[in-house]
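Below: one structure, written as structure tokens.
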Amino acid sequence: MPELPEVEVVRRGLERWVAGRTVTEVEVLHPRAVRRHPAGGADFAARLKGQRFEVARRRGKYLWLPLADTGTSVLGHLGMSGQLLVQPEDAPDEKHLRIRMRFEDSAGTELRFVDQRTFGGLSLHDTAPDSTDGLPDVIGHIARDPLDPAFDDDAFQSALRLRRTTVKRALLDQSLISGVGNIYADEALWRSRLHYDRPTGTLTRPRSAELLGHVRDVMNAALAVGGTSFDSLYVNVNGESGYFDRSLDAYGREDEPCRRCGTPMRRRAWMNRSSYFCPRCQRPPRATA
DNA sequence: CTTGCTACCTGCGGGC
DNA sequence: TGCCCGCAGGTAGCAA
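Heads up, the first sequence is in my numbering, so the first residue is 71 and it goes up one at a time.
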């Protein structure tokens, strides 16, 4: 479940179904799922045993579960295909089950990390000493996300202008603004009538403010309907899909009419992935750029 | 320091 | 039927 709205849907599920529970047993079934935990899977399991989870937190696409009274947290990233599922203990193992956690209460459910492509993972980290919001130390480079009340709009706009890059690259740069991925970048650019290759330095203050507003709007709209799910890979902790795919205006709409002007939408290969845009509403920047 | 490119994985659908 | 290719919502790590 990649981008901010989908990760927030998962965070809310963890808040409801996992917060306050004490771990009794951890099984690491694939070493790559804990590769960001340098001490390895056995250490990860041993250190988690007996600890109690506090309310799940999130920044951008990262989420973490603080362990009560330890100054440490279990940090998670879902990568491209990761899922955190709260399943009945007797449910059959998923094909790509990587990590299982059992609890000492009698709720009868366990937490599972399932990940087909193993780009995601869990790890255990200390809380950053200078952090006021319990941030694990290893994600200090991740910028606040646009739904964070402490996100600084002015600072973002200034930093954006100073970048020597193009606008979509900047939106995907998690050290500048976090939580935006390929879908919501294309959606926000379409709403802003901006081409993905527009140099950041050419954006006026009102244009960058508008872009940021559209990033927020599209993420909030997606969140309200449970996120974007094209298939069963992107689900909440109960395995349910979101509905925002029906509301996408750009992403995945190659050859379909632009919802604003009717021109067929285009797809361009871009950074080993794709960009979807309207060739009429989102004109490429002048000259070579 | 910044910016951009590639590797890291598995699976799916389309063309041959 | 099967093989090969391109493609998939992400990020770390490295080169320039």
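A virtual CB, placed ideally from N, CA and C, is assigned to each residue, including glycine.
Cut-off 6 Å between Cβ atoms - residues of its own chain near residue i, not counting five sequence neighbours on either side
{"i": "ARG330", "result": "CYS351"}
{"i": "ARG81", "result": "ALA126, ARG128, LEU133"}
N-terminal and C-terminal residue of the beta strand (DSSP E) that residue i is part of
{"i": "GLU97", "result": "93-98"}
{"i": "LEU135", "result": "132-137"}
{"i": "ALA339", "result": "336-340"}
{"i": "ARG102", "result": "Unbroken run through ARG102: none, as it is neither H nor E."}
Element boundaries [alpha helix (DSSP H), containing residue i]
{"i": "ILE253", "result": "252-262"}
{"i": "PHE226", "result": "223-232"}
{"i": "GLY111", "result": "111-118"}
{"i": "LEU318", "result": "First-last for LEU318: undefined, no H or E at that position."}
{"i": "VAL156", "result": "Not the alpha helix (DSSP H): VAL156 falls in the beta strand (DSSP E), residues 152-158."}
{"i": "ARG239", "result": "237-242"}
Residue from the options whose Cα sits closest to the Cα of residue i
{"i": "PHE226", "options": "LEU133, ARG343, LEU205, THR274", "result": "THR274"}
{"i": "LEU303", "options": "GLN186, VAL144, TYR132, GLY146", "result": "GLN186"}
{"i": "ASN342", "options": "ARG316, ARG239, ASP113", "result": "ARG239"}
{"i": "GLY204", "options": "ARG356, ARG128, VAL80, ARG106", "result": "ARG128"}
{"i": "ILE212", "options": "ARG353, ARG356, PRO354, LEU74", "result": "LEU74"}
{"i": "HIS147", "options": "ASP113, SER176, GLY191", "result": "GLY191"}
{"i": "ASP163", "options": "LEU135, GLY111, GLY309, ARG182", "result": "ARG182"}
{"i": "TRP87", "options": "ASN306, ALA339, MET289", "result": "ASN306"}
{"i": "ASP301", "options": "ALA115, MET150, VAL144, LEU194", "result": "MET150"}
{"i": "SER193", "options": "PRO136, GLU85, ASP160, PRO269", "result": "PRO136"}
Local conformation of residue i per DSSP, three classes
{"i": "GLY83", "result": "helix"}
{"i": "ARG350", "result": "coil"}
{"i": "THR188", "result": "coil"}
{"i": "LEU273", "result": "coil"}
{"i": "VAL144", "result": "strand"}
{"i": "SER278", "result": "helix"}
{"i": "HIS284", "result": "helix"}
{"i": "ALA89", "result": "coil"}
{"i": "ALA359", "result": "For ALA359, the predicted model reports a pLDDT of 41, less than 50, meaning its position is unreliable and no value from the coordinates is stated."}
{"i": "MET171", "result": "strand"}
{"i": "ASP207", "result": "helix"}
{"i": "LEU74", "result": "helix"}
{"i": "ALA213", "result": "coil"}
{"i": "ARG330", "result": "coil"}
{"i": "LEU303", "result": "coil"}
Cut-off 8 Å between Cβ atoms - residues of its own chain near residue i, not counting five sequence neighbours on either side
{"i": "ALA138", "result": "GLN121, ARG122, PHE123, GLU124"}
{"i": "ASP223", "result": "ALA279, LEU282"}
{"i": "ALA320", "result": "ASP256, GLU257, LEU259, TRP260, MET335, TYR346, PHE347, CYS348"}
{"i": "LEU99", "result": "LEU167, ARG168, ILE169, ARG170"}
Contacts around residue i, its chain only, beta-carbon distance under 7 Å, and the 5 residues preceding and following it disregarded
{"i": "GLY384", "result": "Nothing about residue 384 can be read from this structure; the chain reaches only from 71 to 359."}
{"i": "PRO158", "result": "GLY178, THR179"}
{"i": "ALA255", "result": "LYS238, LEU241, LEU242"}
{"i": "GLY111", "result": "VAL98, PRO101, VAL104"}
Contact the segment 144-156 vs the segment 230-248: 3+ CB pairs below 8 Å: Per the Cβ contact rule, the segment 144-156 is not in contact with the segment 230-248 (fewer than 3 Cβ pairs under 8 Å).
For the segment 307-326 against the segment 92-100, are there 3 or more C-beta pairs whose distance is under 8 Å?
Taking a cut-off of 8 Å for Cβ pairs, the segment 307-326 and the segment 92-100 do not touch, as fewer than three such pairs fall below it.
Sufficient close CB pairs (3 or more, under 8 Å) joining the segment 245-254 to the segment 283-294 | Because the criterion of three Cβ pairs below 8 Å is met, the segment 245-254 and the segment 283-294 touch.
### Message
Whether or not the segment 260-270 and the segment 290-301 are in contact is what I'm after, with contact meaning three or more pairs of Cβ atoms, one per stretch, closer than 8 Å; do they touch?
### Response
With a cut-off of 8 Å, the segment 260-270 and the segment 290-301 do not count as touching, because too few Cβ pairs lie within range.
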